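K.L.:
Dropping a structure here in structure tokens format, bear with me for questions.
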Amino acid sequence: MRLSQFFFISLRETPAEADLIGHQFLLRGGFIRRLSSGIYHYLPLAFRSLNKIIHIVREEMNRAGAQEVLLPVLHPAELWQETGRWDQYGELLMRLTDRQGRDFCLGPTHEEVIVDLVRRSVRSYRQLPFNLYQIATKFRDELRPRGGLIRAREFLMKDAYSFDRDEAGLEISFQKMKEAYERIFCRCGLNAIVVEAEAGAIGGTDNLEFMVPYPEGEDRLLQCHQCGYAANRERAQRSPSPSFQEALQATVNCPTLEKVFTPQQKTVEQVSGFLGVAPCQLVKTLLYDADGQLVAALVPGDKELNEAKLQRFLGQPVKMADAHAIQTVTGASVGYSGPVGLSEKGVRMIADYDVALMSDFVVGANEDDHHFIHTDWRRDFSIDDFADLRFAEAGDLCPKCQSPLSEERAIEVGHIFKLGTYYSEPMRATFVDESGQERPFVMGCYGIGISRILATVAETYSDRDGLIFPITIAPFECWLMSVEGEGELVAVAEELYHHLLSARIEVAYDDRLESAGVKFKDMDLVGAPIQVIVGRHYRAEQKVEIRLRERRDQPVLVPVQKVREEVSRLRSELYQRLDPDKG
Ligand SMILES: [Zn+2]
26 MRLSQFFFIS LRETPAEADL IGHQFLLRGG FIRRLSSGIY HYLPLAFRSL NKIIHIVREE
86 MNRAGAQEVL LPVLHPAELW QETGRWDQYG ELLMRLTDRQ GRDFCLGPTH EEVIVDLVRR
146 SVRSYRQLPF NLYQIATKFR DELRPRGGLI RAREFLMKDA YSFDRDEAGL EISFQKMKEA
206 YERIFCRCGL NAIVVEAEAG AIGGTDNLEF MVPYPEGEDR LLQCHQCGYA ANRERAQRSP
266 SPSFQEALQA TVNCPTLEKV FTPQQKTVEQ VSGFLGVAPC QLVKTLLYDA DGQLVAALVP
326 GDKELNEAKL QRFLGQPVKM ADAHAIQTVT GASVGYSGPV GLSEKGVRMI ADYDVALMSD
386 FVVGANEDDH HFIHTDWRRD FSIDDFADLR FAEAGDLCPK CQSPLSEERA IEVGHIFKLG
446 TYYSEPMRAT FVDESGQERP FVMGCYGIGI SRILATVAET YSDRDGLIFP ITIAPFECWL
506 MSVEGEGELV AVAEELYHHL LSARIEVAYD DRLESAGVKF KDMDLVGAPI QVIVGRHYRA
566 EQKVEIRLRE RRDQPVLVPV QKVREEVSRL RSELYQRLDP DKG
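Heads up: the sequence shown begins at 26 in my numbering, then just goes up one per residue.
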């Protein structure tokens, strides 16, 4: 491709809208342009990369036996109402109304739509199992789009849905997808870590996320480098500290409980500031409603309760108790709840492991404008259960081997779910088994952010001058330029361009009438992996400079006749690393 004929618009300045480095380079390099908040054009450079990502995803999905379809983007509200997600999905759902007043949404995910297709077309166990996937545009009305293509409101995604007769079948389908995903990310040059995760708005039982470590990533993951345990922050479990058992048996060594006046002091910050104690010397009492039963969850003042852990421990969904329920049971307004006397009122008391290690702490006194100081749980109130209730953090102990966990930030690039019958039951999607029984389909669903892969590569492969693409998904494999716009060097570059094309190398040839400085800058900004420069070495010794974008400081000088051979060699070497089939 000649750049003079290519729709290539690079920018010298960094656009103010770009928060992350990769996003800045994608804008400056002319890969993408913003149409509106979280909505982007993919220009030819980006589209070339995206098509390569799509090709890799398609190859691996087909290899795993999945079949490609294309499902509607516009979904009738009735389908989403069947599963309750029309309401549960909330503001993230892009909703619209047609001329007859019927409600629709633009699909952010396709469980309802595919279950509807399958329940109307598949009747017998003989038609199972199968896995259908699509590569299509998805919509999510994000409040705060971020990082360009990382969190956009309109984005490209691959989503797949497996249908099996039973859990054993689902396990096989799930493992196939996990392996396909590992190959996909590897071929795209991404070092994705597989972590346990919470199901969130998708539902189901087990699920795994694929995370690429990145300091500016939105997600956090906890890892044990001893045994390999890895989970995202929402899901990560921890073992109690070694002194936990000891603390359960310890004798009370705490001054007598004392009620103190704390006017208008409700939050942890206010109370700790007012009383002059550290937040870690407070215990927060959070009241939840678990299907009519009130539950008090206790965590240290400086830690955050993880509601998903509370739900998992109780084995049922919970919601925060409302102000009225709190007033009724504690006799005080929100902000003054405390554990003393709650058990006697029928509240189930659950405390985080950390609370067991505490003594002489501050709690709400169940009376407006009052707190207790010198509280000890062994003496002043009772606890039904100790559990892992707070978010795990670096230094906590691995739930499997008790080694310290480390924490890092990451970008989520894929997520696979065992859904089981989470959708097929409410939507009455059944098949007839060997014995003539109606049974619900056992499902899995599997997502990959296609445009997010491009964004993640841009974030994780760059230096101060621009992008450094892995060859498998680079818009061009090779970038050719001469340091002059006309004359002898141009003739050499023209000749090389034809040589490279004849060797089936994807080459971008910068034949624009621009200064050498501009051409060098653009070459580094776009980040094609192999660079060929016809310049001062040609004048001196008839040699051309070839270098890898990732090692710009180590060029080799090659006679013109050898350029094609050398570029082909480098090309194979780069493919060998990520995609041996292609190398
Ligand atoms: Zn471990």
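Quick reminder that beta carbons are idealized off the backbone N, C-alpha and C, glycines included.
Because the structure is a prediction, the values reported are computed rather than measured.
Enumerate in chain order the residues of its own chain whose CB-to-CB distance from Arg304 is below 6 angstroms, with the five nearest sequence positions on each side excluded.
P.N.:
A quick correction: the sequence has Pro, not Arg, at residue 304. Answer for Pro304: Val293, Ser297, Gly326, Asp327, listed in chain order.
K.L.:
What residue from Tyr313, Asp379, Val387, Arg373 has the CA that sits closest to Ala348's CA?
P.N.:
Checking every option, the nearest Cα to that of Ala348 belongs to Tyr313.
K.L.:
Taking 6 angstroms as the cut-off, is the C-beta of Ser428 nearer than that to any heavy atom in ligand 1?
P.N.:
Yes, ligand 1 has a heavy atom inside 6 angstroms of this Cβ.
K.L.:
Whose CA, out of Glu433, His396, Lys443, lies closest to the CA of Asp244?
P.N.:
Answer by Cα proximity: Glu433.
K.L.:
Please state the DSSP three-state secondary structure of Ser431.
P.N.:
In the structure shown, Ser431 sits in a strand (DSSP, three-state: E or B).
K.L.:
Going by CA-CA distance only, name the one from Arg263, Ala217, Ser597, Asn156 that's closest to Asp421.
P.N.:
Closest by alpha carbon: Arg263.
K.L.:
For a test of your reading of the model: does the CB of Gln251 fall under 6 angstroms from any non-hydrogen atom of ligand 1? Yes or no.
P.N.:
Yes, since a heavy atom of ligand 1 falls inside the 6 angstroms radius drawn around the Cβ of Gln251.
K.L.:
Near Ala322, what residues of its chain come up, given a Cβ to Cβ distance below 7 angstroms and the 5 sequence neighbours on each side ignored?
P.N.:
Only Leu311, Tyr313, Leu330, Leu335, Ile375, Leu414 meet the Cβ criterion.
K.L.:
Kindly indicate the opening and closing residues of the alpha helix (DSSP H) around Arg124.
P.N.:
Here Arg124 belongs to no alpha helix (DSSP H), and DSSP marks it neither H nor E.
K.L.:
Going by Cα to Cα distance, which pick from Pro69, Ile139, Val277 is closest to Phe155?
P.N.:
Out of Pro69, Ile139, Val277, Ile139 has the C-alpha closest to the C-alpha of Phe155.
K.L.:
Does the beta-carbon distance from Arg165 to Ile64 come in below 7 angstroms?
P.N.:
For Arg165 and Ile64, no; Cβs fall outside 7 angstroms.
K.L.:
Just to confirm before moving on: does the CB-CB distance between Gly194 and His48 stay below 7 angstroms?
P.N.:
Their beta carbons are not under 7 angstroms apart, which means Gly194 does not touch His48 by this criterion.
K.L.:
What ranges does the beta strand (DSSP E) occupy inside the segment 384 to 417, keeping only unbroken runs of at least 3 residues that lie completely in it?
P.N.:
For the segment 384 to 417, whole beta strand (DSSP E) runs of length 3 or above, ordered along the chain, are 386 to 389, 395 to 400, 410 to 412.
K.L.:
Any idea what DSSP makes of His80, helix, strand or coil?
P.N.:
Helix, per DSSP.
K.L.:
Provide the residue(s) that pair with Gly472 in DSSP beta bridges, ordered along the chain.
P.N.:
For Gly472, which the question treats as bridged, DSSP gives the partners Asp184, His440.
K.L.:
May I have the straight-line CA-CA distance separating Ile473 from Glu418, to the nearest angstrom?
P.N.:
Ile473 and Glu418: Cα-Cα distance of roughly 27 angstroms.
K.L.:
So who's on the other strand from Lys691, going by DSSP bridges?
P.N.:
Residue numbering for the chain in the displayed model covers 26 to 608; residue 691 lies beyond these limits and cannot be assessed.
K.L.:
What does Asn156 pair with, by DSSP beta-bridge criteria?
P.N.:
According to DSSP, which records beta bridges pairwise, Asn156 is partnered with Ser187.
K.L.:
If I'm right that Ile498 touches Ile78 with Cβ under 8 angstroms, what's the distance once you round it to whole angstroms?
P.N.:
Sure, about 5 angstroms apart at Cβ, within 8 angstroms.
K.L.:
If you run the structure through DSSP and keep just helix, strand and coil, what is Ser61?
P.N.:
Of the three classes helix, strand and coil, the one that applies to Ser61 here is strand, per DSSP.
K.L.:
Could you tell me if the beta carbon of Glu344 falls within a distance shorter than 6 angstroms of some heavy atom in ligand 1?
P.N.:
A small fix is needed here, since residue 344 is Lys in this sequence, not Glu. Lys344: no, Cβ never under 6 angstroms from ligand 1.
K.L.:
Among Leu307, Arg258, Gly90, Arg58, which residue has its Cα nearest to the Cα of Tyr158?
P.N.:
The candidate whose alpha carbon is nearest that of Tyr158 is Gly90.
K.L.:
Roughly how many angstroms separate the alpha carbons of Val592 and Ile558, rounded to a whole number?
P.N.:
When rounded, the distance between both Cα atoms is 12 angstroms.
K.L.:
Rounding to the nearest angstrom, what Cα-Cα distance links Pro238 and Glu437 in this structure?
P.N.:
Straight-line Cα distance between these residues: approximately 9 angstroms.
K.L.:
When burial is assigned at 16 or more other CB atoms within 10 Å of the CB, is Leu440 buried or exposed?
P.N.:
For clarity, residue 440 is His in the given sequence; the question names Leu instead. By the 10 Å Cβ count, His440 comes out buried.
K.L.:
Restricting to Cα atoms, I'd like to know which of Asp189, Leu382, Pro495 is closest to Arg144.
P.N.:
Of the candidates Asp189, Leu382, Pro495, the one whose C-alpha sits nearest the C-alpha of Arg144 is Asp189.
K.L.:
Can you give the Cα-Cα distance for Ile475 and Ser61, rounded to whole angstroms?
P.N.:
Ile475 and Ser61: Cα-Cα distance of roughly 20 angstroms.
K.L.:
With 16 as the cutoff for other CB atoms within 10 Å, does Thr232 come out buried or exposed?
P.N.:
As written in the sequence, residue 232 is Asn, which differs from the Thr given in the question. Result: buried.
K.L.:
Does DSSP put Phe50 in a helix, a strand or coil?
P.N.:
In the structure shown, Phe50 sits in a helix (DSSP, three-state: H, G or I).
K.L.:
Return the bridge partner residues of Thr162 from the DSSP annotation.
P.N.:
Answer is Leu181, bridged to Thr162.
K.L.:
Does ligand 1 have even one heavy atom less than 6 angstroms from the beta-carbon of Cys423?
P.N.:
For ligand 1, at least one heavy atom lies less than 6 angstroms from the Cβ of Cys423.
K.L.:
Per DSSP, Ile571 forms a beta bridge with which residues?
P.N.:
Note: Ile571 sits in a beta bridge opposite Val557, Val581.
K.L.:
So what does DSSP say about Val143, is it helix, strand or coil?
P.N.:
Helix at Val143.
K.L.:
Looking at C-alpha atoms only, which residue of Pro133, Phe286, Asp604 is the closest neighbour of Ala102?
P.N.:
Out of Pro133, Phe286, Asp604, Pro133 has the C-alpha closest to the C-alpha of Ala102.
K.L.:
What is the residue span of the beta strand (DSSP E) that Met374 lies within?
P.N.:
Start and end: 373 to 377.
K.L.:
Relative to the C-alpha of Gln152, which residue among Ser187, Met119, Gln248 is closest?
P.N.:
Out of Ser187, Met119, Gln248, Ser187 has the C-alpha closest to the C-alpha of Gln152.
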